[in-house]
Every structure is written in structure tokens, then in C-alpha cells.
Amino acid sequence: ASPSSTMGRFTVWDYVVFAAMLVISAVIGIYYAFAGGGQKTSKDFLMGGRSMSALPVALSLTASFMSAVTVLGTPAEIYRYGAIFCIFAITYGLVVLCSAEIFLPVFYKLGITSTYEVRWSRRSLSIAFRELGGLSCLLSTCLPSTLYTGIVIYAPALALNQVTGFDLWGAVVATGVVCTFYCTLGGLKAVVWTDVFQVGIMIAGFSSVIIRAVVVQEGIGRIVNDSYYGGRLNFWDFNPNPLQRHTFWTIVIGGTFTWTSIYGINQSQVQRYIACKSRFHAKMSLYINLLGLWAILACATLCGLALYSIYKDCDPWMAKQVSALDQLMPYLVLDILHDFPGMPGLFVASAYSGTLSTVSSSINALAAVTVEDLIRPYFRSFSEKKLSWISMGMSVFYGGVCIGMAALASLLGALLQAALSIFGMVGGPLLGLFALGILCSFANGIGAFVGLVTGFVISLWIGIGSQIYPPLPERTKPLYLSTAGCNISSENLMTTENPLTTVFNTPTAERPALADNWYSLSYLYFSTLGTLITVVVGIIISLLTGGLKQNTDRKFLLTKEDFLSNFSRSKSETKVVVLDWKRFTVAAEGTDNPAFSHIEMDVASDKNKVNGLHI
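Spelled out as C-alpha cells, the structure:
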């Protein structure tokens, strides 16, 4: 079908639906500001008192993982490149398995709030490296998170504004203010329960589009048939070439490393599942979340196939009805749902639910990292009540910073996107560092430091190179789009490929030899490469520098008892463990785990029990 000549615009009812979503989110924050006596301590505010159940945390993990990028970007990805993206269903299963069985047991038994409490708690690195703990926290967590949240707020607002006429800055400010409001008042509990509400809105928005598209196309069979003959059902591409953007192997292998660096060690995700009231609930939250990931992936895939079926003869992007692929879903919504007042508003609420969940998770995680890693270790005299107020203040501060980053993104969008891509390359080496710390008892500080630096250098080299010299179309393999059925003059049609804007634009003739091999490596292998280099170099250097001679505290390692506990619900799960902070300890004995070098955490004696943690 050609783009509709009766394309709708936003109505009052659409704004009412969107506003209702924001109001309900804010009300949830108000409720948890006072429920159960409010946020009395920093643990109540940042960790929900470690009393969360599996189901709400699972839905929160799903909502935080699936941002507005999923709602707007994944259907467009499938429309342009095909349903091979569905192979991520296998990847999600492997990611959840690795996170639940490798990283969660160690994080949960240590009772940490911030992953940096673990990362810097073993003494093996040099004094200079330990002193860089705050700086590394800033560079690997705070700065990338604020950059990302700024883009997450601004990018969907821009896409929706250009297609629907939805007020751009009204949406940006409303999103930032509402997120900051309920994060500040209700803490983690408010974030989790608003995520539960918002994931429901996301499913409802997707469902409305799918149902209407099936009606318009007179059955799902036609959508599947059109997609098949249009080459969109390209599920099984087993090409082992690592330079090809998406194949079965790049998605399963590369995607597993990429997303484990988020689910396994990222603060915003880890903070949720270790807030559960038991390790059993924590693991169940991850496995239940997997069902949510599959459901949203299925919805996004169906929307992408519906996009192709409806516009297979007249692509709105090449017909210049939209200026970017992420505007296709809003365009489709106004095309097929404009006769149903409030339904376009439901879809916009769905997209912004993804934004709200991601931004609120980032704000809460940033507050946790700041309080636990940059304030608590240096101000030991602060009471829990004072730290609770500081946590709230940090939420307000980071909320303002995220809104400011959204404004900056409007001025420096491409540059910020490139900077964020570069910061995102640190995920692989950091995953390698944690893997060394948790799995290798012989890994020492020298090995970890050299491995981490090597991983960073290689990751940044290939990442920056791929930004300067983007892969050629034969590597990305975009599928054919047609404008044969468009009732538009030929001068208005796009005659050349115009992919997403990059910071640098280098003519093909000037491309060096590395551009078409090393720099063309699939983006999903960036984290894989960084992780493997960090681990391999770390192991080799550790063995060469006496790593086998050190004594390692088993509480920082994944042990067979952690695995066997999956088959036993013994009383040991309710044992109270108290972690005591000892900053810059330099005694000869103790743990030498390279992932944990800044603050040693020991089990305190019974007489010093404070903030006991049930595990």
C-alpha cells in the first residue's frame, strides 16, 4: 500500500492517554514514599530493603532492558534487515543462564549494593590503581549512563515529534521530571513497580498495532506470506564470517557476550535482582524475566513484519515520507489507527514507557554508585538516615543531568552517539575482569590490570575504527525496499542509500586495508573480543607473576557449593552475613581476586552486626 493520504495527527484523546501514563507512574512513586514507613535508610531507598519478590523484579528487568529503542527500533530493524533478529531469543536464554548461575551467586552472597563494592574489594592491584577507583567508577558507569539516558530521552521524542506532531520538548521535560519525581520519592520500590505498570503499557501498545495490522491485511497469513516472499523470514543464516553484521553465530555468540556485560555486571540490572529477599527469588526473577524478553521480542518482530507487509510496494523511507527508519512505527500507527481516538496515544505511551523504565533505572543506579562508592567510604560517620537523604538528592541531581544531556543531544546528537558507542566498548573488558575475579582463583592484580588495559586498547581501536570507516552494505546486507506502488513524483524518491548518520564520512576510495576486515567486524563481536583478550592476557600474566602462590578468599569466587545450592533449599540460605568495609587494606594475607581491589569486605563478628543481610 502507498502511504495514506489521510494520515492522522495527534488528538486530545491521545494526549490524555499519554498524560494518564505519566500520572499513574508518579502516583506509584508517591505511594512508595510513605508505604511501609517510607525510605528510612539508604538500603531502603536504593535496595528496597532487600525484600522484593521475584515477579515484580522480573518485569522490572524486562522493562529496563527494553527501552524505547526496542519499541521504535526493533520493528524497523526487522523491516530493513529481516527476522534473523529473532535469533536473539536464543541469546537471551544464554545471557540469563550465565547471569543467574555465574555472577548472581557471588554478588548475592556478598550482599553488595553497588557492583563496585565487589570490583574494588580485593587487594591485589597497585595502590595507584586502587586510588583510581572513583575515577574508573565515573568513566565506566556515571558518564556513559548519563550520556545514554540523555539520548534515550531525546531520540524517541524527536522521532515521535517529526511524525505525529507530538510536542518535542514537552515530552522530554515531562519524561525527565516524572522519572526524577518517582525515583526521588519512592526509591527502588517505586522504580520496580512503575516498571511493572510500564511493561504492561508496552505490551498493550504493541498489541494494538499487531491486531489492527492483521485486520488491515485481512489475516496474519498474508503478513507471513508477504514477509516470506520479501525475504524477511531469513532466520537461519549460518555463515561463519565474523564480518557479516547478523548471522546465527554473530547473534548467539557475540550477542551473549554483549548482553551478559549488561545483565551480568551492569549496576542497573544487578541492583534489581540482588534486592530480592532470597537468592531463590533473585534467580527466579531472572528466569521469569526471560519470558518477558521473549514476549516483547515476539511483539516487535510481528510489528516489523506487519510494517513490511503493509509498505512492501511503497517504502515510506525511500518515498521521503519519513526521514529515518525509527520513524516508521509512529508513521504506521497514524496510518492504520488514526480512526481510533486514543490508540496513537497508547502507542506513544508504550514507547515512553520504555524510556521511563530505562531512565528511572539509570537514575537509581547512578545514585547507588555515587552513595556507595564515592560518599560512604569517605564519610563513615554519616548515619543511614543522612545517607538516605543524600540518595534522594543524588536522584534529583542525576535527573537534572539526564534532562540536560537530552538538551545537549539535540545540539550534538551524532557526536554524543559516537562518544556513547566508544564508552559502550568498555563493557567487554569489564566483563572479562569480573570473569577473572569470579572464576580464576590464581588471577592476580598484575594480570588483571594488564589484561584490562589490553582489552580496553583493542576494543577502542576496533570501535573507533568502525566509527570512522563504517562497514560496506555487503557486510550489513540490507534487504530490498520498493517504491513501485507509490503515487509520488520520481524527484521525491530517495535514489541512494542513506543509512544512519555517522560522525565521519570517508569515501570508499580512501578506505585503508583494515577498513574492510578488522574494522568491519560485526558490532556484536566487540564485547566478545574485549572479554576474551582481557581474560586470556590476564591469565597468562597472572601465571607468569606468581598467581598460583596466592591465597584467595572463597567468598569472592564461584564455588561448587554455589551450584549445588540450586538443588537444596537448606537453612543455610537464611544465614545472616555482615560485610565490613576495610579501605586500602595492605596486609599480606587475604584475597587477591583482581576484580575486587579497592575495598575489602569481610564477615564481621556477631557483636558488630549492623544492616544484617539474609542470604
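All residue numbers for the sequence shown refer to the numbering used here, where the first residue is 842 and numbers rise by one. All C-beta atoms in this analysis are idealised placements derived from N, C-alpha and C, irrespective of residue type, glycine included. The structure presented is a predicted model; accordingly, all values stated were derived computationally and were not measured.
Whether residue i touches residue j by CB criterion (8 Å)
| i | j | result |
| --- | --- | --- |
| C983 | G1240 | no |
| I919 | L1146 | yes |
| I1460 | F1121 | In the structure as shown, the chain starts at 842 and stops at 1456, and residue 1460 therefore has no counterpart that could be examined. |
| G1269 | S1236 | no |
| Y1172 | V1056 | no |
| I992 | A1250 | yes |
| A1192 | P946 | no |
| A1190 | I1044 | no |
| T1199 | V1040 | no |
| T1393 | G1273 | no |
| M1170 | L913 | yes |
| A899 | G1133 | yes |
| Q1085 | K1318 | yes |
| A924 | I1129 | no |
| A1325 | Q1168 | no |
| R1217 | G1006 | no |
| V937 | L1166 | no |
| S1383 | A1284 | yes |
| I1137 | R1053 | no |
| G1304 | S908 | no |
| S1368 | T1088 | no |
| Y873 | K1030 | yes |
| S1323 | K1153 | yes |
| F1047 | C1155 | no |
| I1115 | I953 | yes |
Where residue i falls, given that 16 or more other Cβ within 10 Å makes a residue buried
| i | result |
| --- | --- |
| A1354 | exposed |
| V1298 | exposed |
| N1434 | Any answer about N1434 is weak, because its pLDDT of 35 lies below 50 and its placement is not dependable; what the coordinates show is given next. Flag for N1434 reads buried. |
| V853 | exposed |
| D1403 | buried |
| V858 | buried |
| Y1219 | exposed |
| V1417 | The predicted position of V1417 is uncertain, since its pLDDT is 37 and thus under 50; no value can be drawn from it. |
| V1344 | Note that V1344 has pLDDT 36, beneath the 50 cutoff, so the model's placement of it is unreliable and no number is given. |
| K950 | buried |
| F1076 | exposed |
| E1213 | buried |
| S1068 | buried |
| S1224 | exposed |
| Y1070 | exposed |
| D855 | buried |
| S1150 | buried |
| L1313 | exposed |
| A917 | buried |
| S866 | buried |
| L863 | buried |
| R1073 | buried |
| F948 | buried |
| G1096 | buried |
| D1036 | buried |
| A860 | exposed |
| A876 | exposed |
| P1081 | exposed |
| W1158 | buried |
| S1049 | buried |
Residue i CB to nearest heavy atom of the ligand ADP below 7 Å
| i | result |
| --- | --- |
| A861 | The model on display carries no ligand, and the ligand ADP is accordingly not part of it. |
Whole-Å CB distance - residue i paired with residue j, under 8 Å assumed
| i | j | result |
| --- | --- | --- |
| Y1104 | Q1112 | With a Cβ gap of about 12 Å, Y1104 and Q1112 do not count as contacting. |
| G1028 | G1234 | With 8 Å as the limit, G1028 and G1234 do not qualify as a contact, their Cβ atoms being about 13 Å apart. |
| V1014 | S901 | That pair is no contact at about 24 Å. |
| A955 | S1202 | Per the sequence presented here, residue 955 reads as Ser, with Ala not at that position. Actually they do not touch by this definition, with Cβ atoms about 14 Å apart. |
| L1399 | L1280 | 6 Å |
| L1207 | S986 | 6 Å |
| C1243 | I994 | 6 Å |
| Y1366 | P1083 | 6 Å |
| T1025 | S1363 | Wrong, their Cβ atoms sit about 40 Å apart, outside the cutoff. |
Bridge partner(s) assigned by DSSP for residue i
| i | result |
| --- | --- |
| M893 | C1117 |
Contact between the region 1304-1312 and the region 1377-1388 (3+ Cβ pairs under 8 Å)
Here the region 1304-1312 does not lie against the region 1377-1388, with fewer than 3 beta-carbon pairs under 8 Å apart.
Hey, is the region 1224-1233 in contact with the region 881-893, meaning 3+ C-beta pairs nearer than 8 Å?
Cβ pair count under 8 Å is three or more, so yes.
Take every Cβ of the region 931-941, pair it with every Cβ of the region 1180-1189, and state whether three or more of those distances are shorter than 8 Å.
The region 931-941 is not in contact with the region 1180-1189.
Are the region 1371-1384 and the region 1274-1294 in contact at 8 Å, needing three or more beta carbon pairs?
Cβ pair count under 8 Å is three or more, so yes.
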